[in-house]
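Below is one structure, written out as structure tokens, with a few remarks after it.
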Amino acid sequence: MGYDLNLRVWRGDSSGGELGDYTVEVEEGEVVLDAIHRLQATQTGDLAVRWNCKAGKCGSCSAEVNGRPRLMCMTRLADFDEAETITVTPMRSFPVIRDLVTDVSFNYEKAKQVPAFAPTPRDADGKRRMQQADVERGQEFRKCIECFLCQNTCHVVRDHEENKPAFAGPRLFLRYAELDMHPLDTNDRRKLSQEAAGLGMCNITKCCSEVCPENIKITDNAIIPMKERVADRKYDPLVWLGSKIRRRTDREEV
Amino acid sequence: MSTGVSSHGRAEVSGRTQRQDNWWLAPLTTFVVFSAFVVYASWRAFAGEFYYSSPYLSPFYSPCLTTNCVEGSSDFGQPFSWWQLSPALIILIFPLGFRMTCYYYRKAYYRAFWLSPPACAVAEPHAKYTGETRLPLILQNLHRYFWYAAVLVAAVLTFDLVLAFRDEDKEWGHAGLGTLLMLINVVYIWLYTLSCHSCRHAVGGRLRHFSKHPVRYRAWTFVSRLNAKHARYAWVSLFSVALVDFYVYLLATGTITDLRFF
Ligand code: SF4
Ligand code: SF4
Ligand code: FES
Ligand code: FES
Chain A
1122 MGYDLNLRVW RGDSSGGELG DYTVEVEEGE VVLDAIHRLQ ATQTGDLAVR
1172 WNCKAGKCGS CSAEVNGRPR LMCMTRLADF DEAETITVTP MRSFPVIRDL
1222 VTDVSFNYEK AKQVPAFAPT PRDADGKRRM QQADVERGQE FRKCIECFLC
1272 QNTCHVVRDH EENKPAFAGP RLFLRYAELD MHPLDTNDRR KLSQEAAGLG
1322 MCNITKCCSE VCPENIKITD NAIIPMKERV ADRKYDPLVW LGSKIRRRTD
1372 REEV
Chain B
15 MSTGVSSHGR AEVSGRTQRQ DNWWLAPLTT FVVFSAFVVY ASWRAFAGEF
65 YYSSPYLSPF YSPCLTTNCV EGSSDFGQPF SWWQLSPALI ILIFPLGFRM
115 TCYYYRKAYY RAFWLSPPAC AVAEPHAKYT GETRLPLILQ NLHRYFWYAA
165 VLVAAVLTFD LVLAFRDEDK EWGHAGLGTL LMLINVVYIW LYTLSCHSCR
215 HAVGGRLRHF SKHPVRYRAW TFVSRLNAKH ARYAWVSLFS VALVDFYVYL
265 LATGTITDLR FF
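One line per chain: the protein sequences are A and B, in this order.
Going by the working numbering, the first sequence opens with residue 1122, and the numbers climb by one from there.
Going by the working numbering, the second sequence opens with residue 15, and the numbers climb by one from there.
Below, the structure written as structure tokens:
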């Protein structure tokens, strides 16, 4: 059974914009992205919206639905009351290009700063070997679809534009953690931790984990373990003393 | 405001949030409950009385180490003879420090008390933010040391539980409602302490090669499972510790008598 949905959509660009009210016919079982598409097809031919897979796997359709950062293609209309007005705005942490499309290049710049994977030399037979148990933790982080909803929601940059240069953000903390936990990576842990840009700025309030559509436990499994690893190196006097006495500079092989 | 969601170049949407759900409910609940606990705990800790009713010792006062501890309450001697204030104050530093630096409590009070942020996608009221990079918040990194102390505290509370299997005349082989409450409390204190992120890191999280340390890998897997429920243990153990203390208070003031099971 179809019904008329009240939709408010933000329209505009970096010089300004506003929420526009629309009524769109929708069908049972549809998602917010369907409603946006119908709006585009029937009323606002020039509405800008980014999307690709409609299956929650490409990470393109990130936006804010009633103020909550979501993938539009994974947000069911059935979760709302039929009489309710659904408000859709672009992600509010990144510069807007037009309508629902934002410029997410901040995240790509941060990704470039992560030191590349530097594996140990190959075994004598020319192969590299890893045990399943050793790579399991990192595999969770590989589920990331780069929707950047976590980056968008993180208050460190969402509420403080000036923190952007110094803060890589939760999606990239996943990457740092993955490398630091990787059995074959040789990057210096301390250096990596220091370079894990702005880890200390995170106050583990878990909004990244809350919005991640892949349900990656970003805070519990990547950020906090990284904070503990940094604490090993920087704030643990016993370990610090040990490194002075034994002049241990390389990453400890554990 | 030129920073945050109204920064130049971002989509111009008015208001600190567009959220329409009751996002304020969770931080408000945390605020009220934690504040209530702080008021209760301060009252009990500073009072310096009604914390022992043989064989039960309130967890706020355990171990009781000062010369002004009431008779029978010091099971580990009274090394702090010069201490004039309430004996609870010496010992409470450790659980207090442990919980204040706990990753879960940090999340809870940063949100509820400091509104940083009050809820996800709700703008925080502060103009500047440096997170845990400077004093005093950089000291949160000392959490692991409080964890070491917390293990000792949990061990002492376990010892108290054993002593609670006596009656008021210190005859063994008895138990009462107080014993049961202490048992519940000790179980949750251990669950809270062992599910700690620093514990998870120490037992195995810091390794790169689980395959080379099968025992630690098993321990890490176990702690990881507990760790997923860390927030729940944080809450329950907060209530259980207050409950045991209050029960001892009621006994010590003579308001009620202990319900003896055997
Ligand atoms: S837990 Fe840290 S990284 Fe994640 S949203 Fe909160 S402050 Fe940002
Ligand atoms: S971690 Fe989750 S929220 Fe962040 S970009 Fe990846 S999939 Fe999106
Ligand atoms: S369109 Fe691909 S995730 Fe929504
Ligand atoms: S006690 Fe909560 S993280 Fe350590």
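Note that the Cβ used here is the ideal one computed from N, Cα and C, for glycine as well.
This structure is a prediction, so every number in the text was calculated from the model and none was measured.
Task: Any non-hydrogen atom of ligand 3 closer than 6 Å to residue 1264/A Cβ - done: no
TODO: Out of 70/B, 63/B, 155/B and 58/B, point me to the one whose CA is closest to residue 112/B's CA.
DONE: 155/B
- [ ] Could you work out which residue in 1273/A, 1276/A and 1130/A is closest to residue 1153/A when comparing CA atoms only?
- [x] 1130/A
Open item on the list: Give me the chain B residues within the contact set of residue 1234/A, using Cβ-Cβ distance strictly less than 7 Å, ordered along the chain.
Closed with: Here the premise fails: no neighbours, minimum Cβ distance about 18 Å.
TODO: Run down chain B in chain order and give the residues with a C-beta less than 7 Å from the C-beta of residue 1327/A.
DONE: 121
Task: Contact the region 1149-1167 of chain A vs the region 1224-1238 of chain A: 3+ CB pairs below 8 Å - done: no
Task: Range of the contiguous alpha helix (DSSP H) that encloses residue 1133/A - done: Element bounds for residue 1133/A: not the alpha helix (DSSP H) but the beta strand (DSSP E), 1124-1134.
- [ ] Compare the C-beta of residue 1213/A with all C-beta atoms of chain B and state if any pair is closer than 7 Å.
- [x] yes
Task: Residues of its chain near residue 1178/A, where Cβ-Cβ distance is below 8 Å and the 5 sequence neighbours each way are ignored - done: 1266
TODO: Note down, in chain order, all residues in the region 1182-1205 of chain A with a beta-carbon under 7 Å from any beta-carbon belonging to chain B.
DONE: 1185, 1187, 1188, 1189 and 1190
Open item on the list: Relative to the C-alpha of residue 232/B, which candidate in 1255/A, 1145/A and 1160/A has its C-alpha closest?
Closed with: 1255/A
Open item on the list: If I measure Cβ to Cβ from residue 145/B and keep anything under 8 Å in the same chain, skipping five residues before and after, which residues do I get?
Closed with: 151
TODO: Round the Cβ separation of residue 1213/A and residue 24/B to the nearest angstrom and send it over; I've been treating them as touching at under 8 Å.
DONE: 6 Å
Task: Simplified DSSP state of residue 70/B, which is helix, strand or coil - done: strand
Open item on the list: Using C-beta distances below 6 Å, list every residue in its chain close to residue 1369/A, excluding the 5 sequence neighbours before and after it, in chain order.
Closed with: Model confidence at residue 1369/A stands at a pLDDT of 48, short of 50, so the residue's coordinates are unreliable; what they give is reported in the following sentence. Excluding residues within five positions, none has a Cβ falling inside 6 Å.
TODO: May I ask you to verify whether the region 1237-1253 of chain A touches the region 1175-1195 of chain A, counting CB pairs closer than 8 Å and requiring at least 3?
DONE: no
Open item on the list: Closer than 6 Å to a non-hydrogen atom of ligand 1 - does that hold for the CB of residue 1325/A?
Closed with: yes
TODO: Evaluate residue 1224/A with the Cβ neighbour count: other Cβ atoms within 10 Å of its Cβ, from every protein chain shown; 16 or more gives buried, anything less gives exposed.
DONE: exposed
- [ ] Would you check if the distance between the CB atom of residue 70/B and the CB atom of residue 192/B is smaller than 7 Å?
- [x] yes
- [ ] Find out if the Cβ-Cβ distance for the pair residue 1171/A, residue 1222/A is shorter than 7 Å.
- [x] yes
Task: Among 1184/A, 1138/A and 1167/A, nearest to residue 1271/A - alpha-carbon criterion - done: 1184/A
- [ ] Flag this pair as yes or no: are the beta carbons of residue 244/B and residue 118/B separated by less than 7 Å?
- [x] yes
TODO: Identify each residue in the region 1254-1272 of chain A for which the Cβ-Cβ distance to at least one residue of chain B is less than 7 Å, and report them in chain order.
DONE: 1254 and 1255
Open item on the list: Please report whether the beta-carbon of residue 20/B lies at a distance below 7 Å from any beta-carbon of chain A.
Closed with: no
Task: Cut-off 6 Å between Cβ atoms - residues of its own chain near residue 1371/A, not counting five sequence neighbours on either side - done: Unreliable placement is indicated for residue 1371/A, whose pLDDT of 45 sits below 50; the coordinate value is still reported in the next sentence. For residue 1371/A, where only same-chain residues beyond five positions count, there are no Cβ hits under 6 Å.
TODO: Taking only beta carbons into account, state which residues of the region 255-268 of chain B come closer than 8 Å to chain A, listed in chain order.
DONE: none
Open item on the list: Counting C-beta neighbours from all protein chains within 10 Å, is the total for residue 184/B 16 or more, i.e. buried, or is it exposed?
Closed with: exposed
- [ ] Would you give the residue range spanned by the alpha helix (DSSP H) that residue 192/B belongs to?
- [x] 191-208
TODO: Count the other C-beta atoms from every protein chain shown that fall within 10 angstroms of the C-beta of residue 207/B, then say buried if there are 16 or more, exposed otherwise.
DONE: buried
Task: Contact under 7 Å by Cβ, residue 134/B with residue 1149/A - done: no
Open item on the list: Cutting at 6 Å between CB atoms, please list the residues of its own chain near residue 251/B, excluding the five before and the five after it.
Closed with: 202, 203 and 206
Open item on the list: Can you find the residues in the same chain that come closer than 8 Å, C-beta to C-beta, to residue 1338/A, ignoring five residues on each side of it along the sequence?
Closed with: 1261 and 1330
Task: Where residue 94/B falls: helix, strand or coil (DSSP) - done: strand
Open item on the list: Restricting to runs no shorter than 3 residues, where is the beta strand (DSSP E) found entirely within the region 1206-1263 of chain A?
Closed with: 1206-1210 and 1217-1219
TODO: Following the continuous beta strand (DSSP E) through residue 1191/A, name the residue where it begins and the one where it ends.
DONE: 1189-1192
Open item on the list: Let's test the definition: count the other Cβ atoms within 10 Å of the Cβ of residue 275/B and tell me whether it reaches 16, buried, or not, exposed.
Closed with: exposed
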